[in-house]
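149 is the number that this note's numbering gives the last residue of the sequence shown; the numbers go up by one with no jumps. Glycine included, every Cβ here is placed at the ideal spot set by N, Cα and C. None of these values were measured; they are calculated from a predicted model. Have a look at the structure below before the remarks.
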Amino acid sequence: MEGKRRPGTGKSTLADVAKRVGVSAMTVSRALRAPEKVSDSLREKIQQVIAELGYVPNLAASALASASSRLITLVVPSLKTPGCSVIYHTLQQQLLPQGYNILLSEADNANSRGSELIETLLAYNPAAIVQGGFKFEVQR
């Protein structure tokens with residue numbers, strides 16, 4: 010057996026990569042999170058195995074394990090919302106160099122959909138949610 014597979018997906022895990030390289034899962038994780046802390050030769054070997062196995066890091070698991078997230082979400086009612094592209098590009102300019110990823114979500118101009126979407130995004134433990142152009146009303 011190659012190692013544990015992600016339940017229901019059959020995709021390779023960090024443990025699969027570690028086993029194939031002959032190092033601990035922590036070493037593979039370190040090579041991905043802080044490559045400067047791993048030798049060039051080991052990092053290259055890890056990258057080769059990652060490519061061979063088609064391993065894709067589970068960012069949600071990584072965020073939970075480290076108790077931090079590098080994900081910023083931008084929620085807008087519509088991509089046509091005035092200023093949406095300016096806000097998105099500004100976030101990119103400021104946050105991408107700091108290692109953050111930006112997720113742009115469209116809520117289809119519906120206030121109730123916006124609330125549901127934000128609740129769903131919270132499950133991903135983002136570092137921040139930037140909300141633009143909404144006017145929410147509380148249902149009583």
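Residue nearest to Thr82 within the set Leu131, Val30 and Lys20 is Leu131 (criterion: CA-CA distance). Shown here for Arg52: same chain residues with a beta carbon closer than 8 Å to its own, the five before and five after excluded, namely Ala40 and Pro44 in chain order. The shortest CA-to-CA distance from Ser21 to any of Ile55, Asp117 and Ile59 is the one to Ile59. Closest in C-alpha terms to Val139, from the list Pro106, Leu88 and Val84, comes Val84. It is roughly 11 Å from the alpha-carbon of Lys46 to the alpha-carbon of Val37. For the pair Asn134 and Ser78, the CB atoms are nearer than the 7 Å cut-off. One alpha carbon belongs to Ala137, the other to His98, and they sit about 16 Å apart.
Counting along the chain, the unbroken beta strand (DSSP E) around Ala137 starts and ends at Ala137 to Gln140. Straight-line measurement puts the Cα of Lys89 at about 43 Å from the Cα of Asp25.
Asp49 and Ile55 have their alpha carbons spaced roughly 10 Å apart.
With a 10 Å radius around the Cβ and a threshold of 16 neighbouring Cβ atoms, Leu105 comes out exposed.
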